[in-house]
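Here's the structure we're looking at; comments come further down.
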Amino acid sequence: MDYNFQEIEKHWQEAWAKANAYKVSNESEKKPYYVLDMFPYPSGAGLHVGHPLGYIASDIYSRYKRLQGFNVLHPMGFDSYGLPAEQYAIQTGQHPEITTEENIARYISQLKKIGFCYDWDRQVKTCDPDFYKWTQWAFIQMFNSYYDTQLDKAQPISKLIAEWEANDPTWKTLSEKEQQERLMNYRIAYLADTKVNWCPQLGTVLANDEVSEGLSVRGGYPVEQRVMRQWCLRISAYAGRLLEGLDRIDWTESLKETQRNWIGRSEGAEMRFAIKGQDEPFTIFTTRADTVFGVTFMVLAPESEYVARVVTEDQRKAVDEYLDVVKHRTERERIADRKVSGVFTGSYAINPLTNTEIPIYISDYVLSGYGTGAIMAVPAHDSRDYAFAKHFNLPIIPLIEGADVSEQSFDAKEGKMINSGFLNGLEVKDAIKKMKEYITETGLGRVKVNYRLRDAIFSRQRYWGEPFPIYYKDGMPYTIPESELPLRLPEVSQFKPTEDGRPPLGNAKDWTYQGYPLELCTMPGFAGSSAYYLRYMDNHNDKALVDKQVNAYWGNVNLYIGGTEHATGHLIYSRFWNKFLYDLGYICKDEPFQKLINQGMIQGRSNFVYRYIGEGAPANQFISFNLIDNPEYKGKVQPIHVNINLVHNDILDVDAFRAWMPEYRNATFIYADGTTDVDNPYIGMASPKQYICGWAVEKMSKSMFNVVNPDDVVEKYGADTLRLYEMFLGPLEVSKPWDTNGIDGVHRFLRKLWGMYENVTDAEPTAEELRSLHKLIKKITWDIENFSFNTSIPAFMIAQTELAALHCDKKAILAPIAILLAPYAPHIAEAMWERCKEIGNRIEEIGFVIDAEWPRWEEKYLEESTQKYPVQFNGKVRFTIEVSKTMSKEDVEKVVMNDEQTAKFLNGQAPKKVIVVPGRIVNIVL
RNA sequence: GCCGCGGUGGUGGAAUCGGUAGACACGAAGGACUUAAAAUCCUUUGGCCCGAAACGGCUGUGUGGGUUCAAGUCCCACCCGCGGUACCA
Numbered sequence: 000m001d002y003n004f005q006e007i008e009k010h011w012q013e014a015w016a017k018a019n020a021y022k023v024s025n026e027s028e029k030k031p032y033y034v035l036d037m038f039p040y041p042s043g044a045g046l047h048v049g050h051p052l053g054y055i056a057s058d059i060y061s062r063y064k065r066l067q068g069f070n071v072l073h074p075m076g077f078d079s080y081g082l083p084a085e086q087y088a089i090q091t092g093q094h095p096e097i098t099t100e101e102n103i104a105r106y107i108s109q110l111k112k113i114g115f116c117y118d119w120d121r122q123v124k125t126c127d128p129d130f131y132k133w134t135q136w137a138f139i140q141m142f143n144s145y146y147d148t149q150l151d152k153a154q155p156i157s158k159l160i161a162e163w164e165a166n167d168p169t170w171k172t173l174s175e176k177e178q179q180e181r182l183m184n185y186r187i188a189y190l191a192d193t194k195v196n197w198c199p200q201l202g203t204v205l206a207n208d209e210v211s212e213g214l215s216v217r218g219g220y221p222v223e224q225r226v227m228r229q230w231c232l233r234i235s236a237y238a239g240r241l242l243e244g245l246d247r248i249d250w251t252e253s254l255k256e257t258q259r260n261w262i263g264r265s266e267g268a269e270m271r272f273a274i275k276g277q278d279e280p281f282t283i284f285t286t287r288a289d290t291v292f293g294v295t296f297m298v299l300a301p302e303s304e305y306v307a308r309v310v311t312e313d314q315r316k317a318v319d320e321y322l323d324v325v326k327h328r329t330e331r332e333r334i335a336d337r338k339v340s341g342v343f344t345g346s347y348a349i350n351p352l353t354n355t356e357i358p359i360y361i362s363d364y365v366l367s368g369y370g371t372g373a374i375m376a377v378p379a380h381d382s383r384d385y386a387f388a389k390h391f392n393l394p395i396i397p398l399i400e401g402a403d404v405s406e407q408s409f410d411a412k413e414g415k416m417i418n419s420g421f422l423n424g425l426e427v428k429d430a431i432k433k434m435k436e437y438i439t440e441t442g443l444g445r446v447k448v449n450y451r452l453r454d455a456i457f458s459r460q461r462y463w464g465e466p467f468p469i470y471y472k473d474g475m476p477y478t479i480p481e482s483e484l485p486l487r488l489p490e491v492s493q494f495k496p497t498e499d500g501r502p503p504l505g506n507a508k509d510w511t512y513q514g515y516p517l518e519l520c521t522m523p524g525f526a527g528s529s530a531y532y533l534r535y536m537d538n539h540n541d542k543a544l545v546d547k548q549v550n551a552y553w554g555n556v557n558l559y560i561g562g563t564e565h566a567t568g569h570l571i572y573s574r575f576w577n578k579f580l581y582d583l584g585y586i587c588k589d590e591p592f593q594k595l596i597n598q599g600m601i602q603g604r605s606n607f608v609y610r611y612i613g614e615g616a617p618a619n620q621f622i623s624f625n626l627i628d629n630p631e632y633k634g635k636v637q638p639i640h641v642n643i644n645l646v647h648n649d650i651l652d653v654d655a656f657r658a659w660m661p662e663y664r665n666a667t668f669i670y671a672d673g674t675t676d677v678d679n680p681y682i683g684m685a686s687p688k689q690y691i692c693g694w695a696v697e698k699m700s701k702s703m704f705n706v707v708n709p710d711d712v713v714e715k716y717g718a719d720t721l722r723l724y725e726m727f728l729g730p731l732e733v734s735k736p737w738d739t740n741g742i743d744g745v746h747r748f749l750r751k752l753w754g755m756y757e758n759v760t761d762a763e764p765t766a767e768e769l770r771s772l773h774k775l776i777k778k779i780t781w782d783i784e785n786f787s788f789n790t791s792i793p794a795f796m797i798a799q800t801e802l803a804a805l806h807c808d809k810k811a812i813l814a815p816i817a818i819l820l821a822p823y824a825p826h827i828a829e830a831m832w833e834r835c836k837e838i839g840n841r842i843e844e845i846g847f848v849i850d851a852e853w854p855r856w857e858e859k860y861l862e863e864s865t866q867k868y869p870v871q872f873n874g875k876v877r878f879t880i881e882v883s884k885t886m887s888k889e890d891v892e893k894v895v896m897n898d899e900q901t902a903k904f905l906n907g908q909a910p911k912k913v914i915v916v917p918g919r920i921v922n923i924v925l
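Numbering (the numbering used here), first residue to last: 0 to 925.
Structure follows, in structure tokens:
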């Protein structure tokens with residue numbers, strides 16, 4: 000009976016489909032369990048072997064939960080709005096919807112081949128009007144809400160209006176436009192002039208998490224700072240709750256830490272400094288209130304509102320010049336060029352504690368968006384202030400005992416204060432506290448918590464995204480009625496911006512609502528992915544994003560599996576979006592993803608051939624990897640990426656290589672054994688000469704010819720082997736290269752296991768067989784509960800070896816093994832189960848193995864009558880003894896001490912101490 | 001710079017509570033089968049040393065210290081690699 004995996008997999012996939020086996024109902028007596036994968040962006044390249052890693056893990060867990068009797072929601076969908084499809088559309092004129100649909104179809108066919116237990120009826124696509132209707136709906140709710148800082152939650156903005164109507168006499172005197180402008184300062188979704196990351200090449204604004212080191216994450220184009228009127232989401236209002244919520248969810252510490260850093264809470268103080276000759280003071284933010292005695296100058300951000308107030312006539316020209324230079328620097332230039340720069344404003348502030356006059360400067364090392372955009376500079380204890388002071392020759396006053404500030408600043412928050420009036424002698428920590436009390440009491444300032452987290456910029460000047468349900472009247476935005484959603488994305492004559500530089504929607508005909516112009520921007524990528532998990536629960540509902548009862552049944556996601564790359568993007572936005580919907584009472588949980596596991600990346604494993612480029616070398620002669628360090632070749636070979644499909648176990652298929660590209664048609668080789676010609680008496684047969692390729696771990700990419708397509712693996716080995724092997728590669732969370740070299744072993748295991756099901760019998764199992772089985776049940780259960788899938792495969796292999804040695808053919812053993820294997824390799828497990836079903840009648844006649852009951856292990860089968868004790872002398876194992884399991888500690892010691900081998904190792908000495916750890920080990924100390 | 005994660009054979013990795021380091025798999029070497037090869041099966045496989053043999057010795061989890069009867073595992077210091085992040089006052 001051959002293991003015909005192609006037939007088995009096709010047969011069972013069809014059988015599941017026919018029986019609707021993965022249909023999930025919202026009405027069930029069973030307990031719910033929600034397992035979610037991060038849905039993919041359907042790119043043109045299709046899935047490579049790295050994508051399914053997390054999907055396989057979540058599929059195993061879903062199937063395990065199902066076998067344990069849970070009603071498991073495990074859906075899949077597509078994050079189908081995004082830049083690549085639109086860039087492609089601009090280049091080719093092809094509508095992004097067409098390419099997107101093609102890509103989705105390809106993804107689905109690839110995913111279906113791997114045998115995931117998705118309920119495809121629950122599929123969502125972010126570009127589907129039935130889906131983005133609810134993205135637009137949520138935006139309207141945000142527009143119509145404000146953040147009530149008293150209640151610490153979002154509230155309908157009508158509440159705020161009612162309050163003003165009742166208590167604020169000026170409200171009624173305002174024109175409608177003025178009222179709208181005032182409300183704009185409170186809405187969760189609001190329009191504002193903000194400094195944005197503008198990417199000229201992409202023609203759009205980008206969010207902070209879409210920019211890395213001054214370049215766009217997508218495409219790597221330069222990004223510059225610009226002030227533009229944009230839609231923003233008031234996510235900063237949620238900073239405290241986003242931070243606090245992390246303590247209640249089961250995510251990895253590193254991911255929580257990344258979010259904590261991104262939210263960036265810092266406790267400090269706001270302080271007012273008087274400006275010499277002016278009545279109005281200005282305010283700075285500091286976390287080092289203890290260092291006020293060492294403030295020797297002040298610095299404003301170039302964009303600070305204070306700049307206009309403090310620049311003197313004498314300095315105006317110099318300041319204008321500086322501001323001009325700063326304005327034209329891109330973010331990237333600013334990061335690359337850390338030279339100290341700045342300009343004196345001509346004004347002085349008064350240090351409120353020393354009453355000295357201190358100069359006010361402008362420099363771009365101070366950021367306008369953080370704190371108040373103005374700082375007090377303490378050069379002795381801040382490295383940036385120090386560099387500035389050295390450059391402009393400003394005084395540096397050390398404030399901490401023993402700090403040497405002649406070469407560099409002393410930034411550490413430790414030591415005893417000096418030169419600091421009433422703070423002298425205090426530890427830094429206490430000094431900060433005391434100064435905070437002082438400024439609060441004297442009215443100089445107040446204690447303040449600042450967050451680094453900024454509001455999310457929500458407009459994109461792009462075509463392929465959700466249209467805003469917004470029109471403009473008298474220059475002010477209004478939402479279109481919810482009853483008219485979805486507002487469909489219009490057809491446009493071209494996907495580029497208009498001739499006069501308006502976003503692509505400006506190319507649409509009649510893009511108006513009741514004669515008023517509609518918003519031309521679209522929403523960013525994270526809009527559609529922020530609440531998609533809710534929609535899976537109830538994706539056919541046209542009355543609500545999700546029905547309240549349905550939401551109450553499923554709750555939130557119990558297990559979310561995906562990559563870390565979303566740590567500061569999707570995973571923050573989604574938490575914010577969810578908390579907002581929770582505030583308004585639409586959903587029942589304030590955190591969307593209870594447990595989150597990050598799967599590692601699968602990297603590529605590239606192969607190389609080495610072209611000989613020494614003097615007089617033949618045109619295309621390649622040197623086997625093991626020879627390239629030989630003196631005659633060293634330094635004279637050029638590594639060339641070779642398509643890994645031409646290589647097996649690092650051995651090159653030389654004929655396939657010659658056929659690969661025209662230039663290699665006449666390639667010659669120096670083989671591993673140093674010979675050059677095929678010296679084989681069996682003409683026309685494969686050569687025993689081997690050309691060994693070099694290898695390296697790199698990113699999986701087309702240009703390195705190291706992309707492995709899961710379809711090819713499924714074709715060659717089957718989906719079950721692919722699934723098992725991806726798990727076998729290593730722990731789920733770590734990144735590792737895809738190395739096909741080991742896949743044969745896993746495939747061999749399945750074949751051997753399958754062979755054991757040829758003639759299943761009804762015979763009674765032996766104690767040994769039961770022990771193997773129950774050991775396996777215990778191990779696999781533990782592994783799945785702990786997401787240690789990689790260690791399960793060896794456990795199966797060991798069980799197979801043990802049972803094969805016992806010639807086990809018993810249903811009582813083999814049927815439960817089919818269940819244990821079902822989460823990992825569902826197709827072959829069904830076939831194995833079927834073989835068992837045909838025999839006898841003791842096991843319940845359940846249709847599919849996926850609906851069986853997860854076996855329980857019983858300790859009684861695991862118990863062995865004897866116990867092996869390794870015997871150590873001074874911690875070194877010398878031999879082992881085997882004694883009765885029930886033997887007492889004292890008796891074990893006696894047996895060991897009476898053993899003749901012990902006498903040998905004691906060599907006449909008396910042991911100082913004998914340690915017996917029951918059930919584990921004996922250690923004799925000499 | 002800061003934060004996080006990691007470092008175990010030729011390779012991927014295992015060791016779940018401080019208790020026999022290297023499970024399992026790949027690769028390699030040798031053998032069986034074969035005209036040959038592939039496939040399959042069997043044996044060996046961390047390093048070094050002794051030996052006819054071994055249930056022989058030594059050494060060994062990045063480095064150096066420490067705690068312990070016992071350390072890959074705990075503590076201290078350091079080195080290296082990977083990932084994230086930054087003029088955040």
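All residues carry an ideal CB built from backbone N, CA and C; glycine is no exception. What you are looking at is a predicted structure, and each value in this text was computed from that prediction instead of being measured.
Residue i: which of the options sits nearest, CA to CA?
i: E662; options: I669, V733, I691 and F621; result: F621
i: Y611; options: F656, Q86 and T667; result: T667
i: K412; options: N423, I431, V404 and N418; result: I431
i: V931; options: N758, G444 and I274; result: This structure cannot settle anything about residue 931, because the visible part of the chain is limited to 0 through 925.
i: P485; options: F494, P468 and D499; result: P468
i: L393; options: F296, S367 and Y471; result: F296
i: T760; options: Q277, S235, A236 and K836; result: K836
i: L504; options: M37, E85 and K635; result: E85
i: A188; options: A526, M270, T169 and K875; result: A526
i: Y609; options: N449, I596 and K635; result: K635
Roughly how many whole angstroms lie between the Cα atoms of residue i and residue j?
i: P764; j: L752; result: 17 Å
i: D384; j: V377; result: 6 Å
i: G345; j: E483; result: 58 Å
i: V915; j: I797; result: 30 Å
i: Y681; j: I691; result: Because the pLDDT at Y681 is just 39, under 50, the model does not fix this residue reliably, and the point stays unresolved.
i: Y2; j: G754; result: 8 Å
i: S24; j: N70; result: 8 Å
i: I357; j: V448; result: 26 Å
i: W57; j: D36; result: A quick correction: the sequence has Ser, not Trp, at residue 57. Taking the straight line from one Cα to the other gives about 7 Å.
i: Y347; j: G293; result: 16 Å
i: R264; j: I349; result: 29 Å
Check the DSSP bridge columns for residue i and list the partner residues they point to.
i: A268; result: T285 and V446
i: L72; result: Y33
Determine the contact status of residue i and residue j, defining contact as a CB-CB distance below 7 Å.
i: V870; j: V921; result: yes
i: M375; j: L398; result: no
i: L723; j: A824; result: yes
i: G744; j: K735; result: no
i: R228; j: D278; result: no
How many whole angstroms separate the CB atoms of residue i and residue j, which I take to be in contact at a CB cut-off of 8 Å?
i: V556; j: P591; result: 6 Å
i: S382; j: D363; result: Going by Cβ atoms, the distance from S382 to D363 rounds to 16 Å, so no, they are not a contact pair.
Taking 6 Å as the cut-off, does the CB of residue i come closer than this to any heavy atom belonging to the ligand NAP?
i: C520; result: The model on display carries no ligand, and the ligand NAP is accordingly not part of it.
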